[in-house]
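The block underneath contains the structure these notes are about, expressed in structure tokens.
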Amino acid sequence: MIRRRFFILTARNLYSISWQIITDPDLVALVRRAYSQGVVMDTWMHGEWQAEITREAQRRLEDMATGLASQVSDAQTTWPIYPLSTLYLAHLFQAVLTSMALFTVHRQSDTNQVTESYVEQALATLTQFASEESWGLHAVVRVFHVIWSFEDLNALRYFRRLPRAEFLSGVSHRPWVQELLADQLSLYLRMGVVKESLTGKGEMLRLTPRGHHVLAEIERVLEESGELAWRANQQRWDVFRTMDYDTVFNVVGPDSEQATRDFLDHLPIKPGMQVLEVGAGTGRVCVDLGLCERVLPGGQVVAVEPSAAMGAHLQDKCERRAISNVQIVKARAEDLPFADQQFDLTMAVAVLHFTDVDAAVKEMARVTKPGGRVAALVPPPNMEVREIPMVALWLRPLSELAEEFGLSFGERNGLPPGRLENAFHQASLQDVTRWPVPVTVTAEDYRAFFTFFVKGAAFFQHTLARLPYHERVHLLQNLEKRGEQIASQTQPAEKRHIYYGEAIWGRVPLP
Ligand SMILES: C[S@@+](CC[C@H](N)C(=O)[O-])C[C@H]1O[C@@H](n2cnc3c(N)ncnc32)[C@H](O)[C@@H]1O
């Protein structure tokens with residue numbers, strides 16, 4: 016066991032400790048392991064951080080956090096480790112456990128109500144994660160200390176200067192914290208990454224050149240580990256979870272219904288078939304467009320959907336229409352809970368661009384019978400919403416921000432051209448064929464467009480994910496207002512554009 020090293024913490028060695036932690040070659044993989052195992056932090060949320068925590072759950076959270084913090088403080092620790100106070104560690108564990116519990120609540124029940132059982136579940140996940148890490152609980156501290164530092168330093172870079180009191184309360188960049196950010200600030204000041212100065216407006220904080228350097232390194236870690244993209248995905252998830260999907264989808268894509276029907280007509284769907292629809296959402300395809308009827312008599316559609324809200328909507332539709340041949344399964348495309356070679360046909364509409372496409376197509380191929388087809392319809396590869404003239408004008412502030420952040424891809428969405436076909440080949444599918452599917456996208460109803468493409472479908476999520484919390488909220492509010500004004504100044508022809516989605520299929524080889 017490595018013994019705890021006592022040493023005098025000068026600003027210089029404090030800085031070198033933090034630099035070693037941030038540049039540790041394993042940090043990228045560690046961050047990835049954490050979020051992919053459900054050890055997640057609250058920074059991704061839109062407004063859902065206002066958890067409703069029952070009194071028992073709150074008490075349990077506090078006890079757990081104190082217990083974990085003292086385990087970390089008491090442990091014979093390896094060096095280098097930040098000299099963080101037990102109180103700071105308790106806050107950190109409490110924040111992590113609350114986020115994890117809330118994250119599970121969202122996915123399992125679509126409410127904000129954190130009860131004791133969710134808190135216990137969070138503790139079990141966190142303990143399991145720590146038990147597999149050579150750093151043990153310190154691994155958790157490392158990951159979240161880095162993520163918190165990103166939030167703090169990024170806010171200072173974004174605002175250039177922040178009043179000390181505003182920073183300490185976290186009001187504009189971490190409104191979910193319940194305690195003052197005094198421990199963090201003292202650390203940043205001692206490390207020389209933040210500088211304090213007295214101005215006519217009171218005490219102000221700003222990043223030092225060293226602070227910019229540290230932030231760039233942290234940003235690299237979060238970028239390479241996929242954490243920033245992961246947050247962007249969570250924001251998208253939250254929007255899709257709460258919007259009236261069916262209405263919005265048909266308003267922004269008035270001919271997408273026909274395009275999907277044409278796609279279904281193309282597929283060899285026959286009565287009696289077992290069809291798997293991956294990412295079935297609210298049942299637009301399997302119920303509204305009649306997929307489940309096409310397999311009658313005798314056939315069944317298994318509808319896989321990871322979002323509880325979407326799944327509940329679909330369940331409700333099936334009940335209202337007395338449909339009995341749709342079975343809903345809560346799962347993800349990348350990890351399908353089915354035996355090999357179970358389905359005659361496996362398909363996904365407007366889903367695969369949200370997934371780890373190689374893993375998803377491989378799974379879809381695995382569960383399909385030899386000779387059966389795997390088929391997908393995806394939005395236009397590298398779709399650029401600014402091809403709609405009104406949208407280019409309207410969203411200019413967002414485009415400029417993306418550019419400022421060096422995110423030239425800010426307005427592109429969908430898979431890169433050829434990516435899906437490649438995944439089909441990787442999954443050893445045969446006779447892979449793809450064909451273009453024209454779809455009109457319109458911003459005539461600017462509110463629907465805004466909900467779907469800006470807040471939801473991820474065109475700007477990478478840019479939005481880099482904004483301090485309140486900036487994100489304000490920017491979205493201002494953009495929505497701007498939409499009304501621009502809409503009134505533009506002609507209908509400037510509000511729409513025809514894009515080309517992509518349909519594809521492949522056949523599972525016969526033995
Ligand atoms: C744009 S909607 C499409 C829904 C439906 N297929 C349709 O055409 O209306 C995307 C759906 O994919 C689901 N989804 C997102 N990530 C997924 C994943 N990894 N595996 C399976 N489905 C996923 C979302 O929950 C959402 O219901």
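When you line the sequence shown up against the working numbering, it's residues 16 to 526, in that order.
The beta-carbon is built from N, C-alpha and C at its ideal position, and this holds for glycine as well.
Using DSSP with H/G/I as helix, E/B as strand and the rest coil, what is residue i?
i	result
P224	helix
F118	helix
D359	strand
V319	strand
L504	Leu is not the amino acid found at residue 504; the sequence shown has Gln there. Helix.
I403	coil
E67	strand
E426	With a pLDDT of 47 at E426, under the threshold of 50, the modelled position of this residue cannot be trusted; read the value that follows with caution. The answer is coil: DSSP assigns E426 none of H, G, I, E or B.
T383	strand
Q136	helix
V155	helix
Q143	helix
Q476	helix
Q123	helix
T370	coil
D446	strand
D277	helix
G498	helix
M206	helix
K377	helix
D261	helix
S33	helix
I284	coil
L539	The structure shown has nothing for residue 539, since the chain only spans 16 to 526.
H61	Note on H61: pLDDT 47, under 50, position unreliable in the model; no value is reported.
L230	helix
F420	coil
S187	coil
L410	coil
For residue i versus residue j, is the C-beta spacing smaller than 8 Å?
i	j	result
A391	A354	no
T539	Q143	The requested residue 539 is not part of the displayed model; the chain covers only 16 to 526.
L351	V393	no
A295	S124	no
G287	G305	no
T466	R511	no
A463	V263	yes
I233	S187	no
L200	V208	no
Q357	Q289	yes
F101	S85	Per the sequence shown, the amino acid found at residue 101 is Thr instead of Phe. Yes, these two residues count as a Cβ contact at 8 Å.
L490	K470	no
V46	M115	no
Y514	P395	yes
P269	T505	no
How close, in whole Å, do the beta carbons of residue i and residue j come, if the pair is a contact with beta carbons under 8 Å?
i	j	result
Y173	L482	7 Å
L177	L220	5 Å
P404	E509	4 Å
Q109	L76	6 Å
H485	L422	The Cβ separation is near 20 Å, so there is no contact.
K345	A442	Not confirmed; about 23 Å, so no contact.
R175	E218	With 8 Å as the limit, R175 and E218 do not qualify as a contact, their Cβ atoms being about 15 Å apart.
R388	L282	7 Å
T297	D261	6 Å
M258	I162	The Cβ separation is near 28 Å, so there is no contact.
R522	D446	5 Å
L311	N340	7 Å
Mind checking who residue i pairs with in its DSSP beta bridge?
i	result
G521	V389
L177	L220
Y515	P453
R347	D350
L213	E218
L291	V317 and T361
V341	V316
V605	Here the chain comprises residues numbered 16 to 526, so residue 605 is not present and cannot be evaluated.
Using only the heavy atoms of ligand 3, determine whether one of them is closer than 7 Å to the beta carbon of residue i.
i	result
G294	The model depicted lacks ligand 3 and carries ligand 1 instead.
Could you tell me whether the stretch 76-88 touches the stretch 270-278, where touching means 3 or more Cβ pairs closer than 8 Å?
By the Cβ criterion, the stretch 76-88 is not in contact with the stretch 270-278, since fewer than three pairs of Cβ atoms, one from each stretch, lie closer than 8 Å.
Stretch-stretch touch, CB-based, cutoff 8 Å, three pairs: the stretch 29-43 with the stretch 220-230
Touching, yes, given that three or more Cβ pairs across the two stretches are closer than 8 Å.
Validate contact between the stretch 407-420 and the stretch 320-337 using beta carbons, cut 8 Å, 3 pairs
Between the stretch 407-420 and the stretch 320-337 there are fewer than three C-beta pairs closer than 8 Å, too few to call the two in contact.
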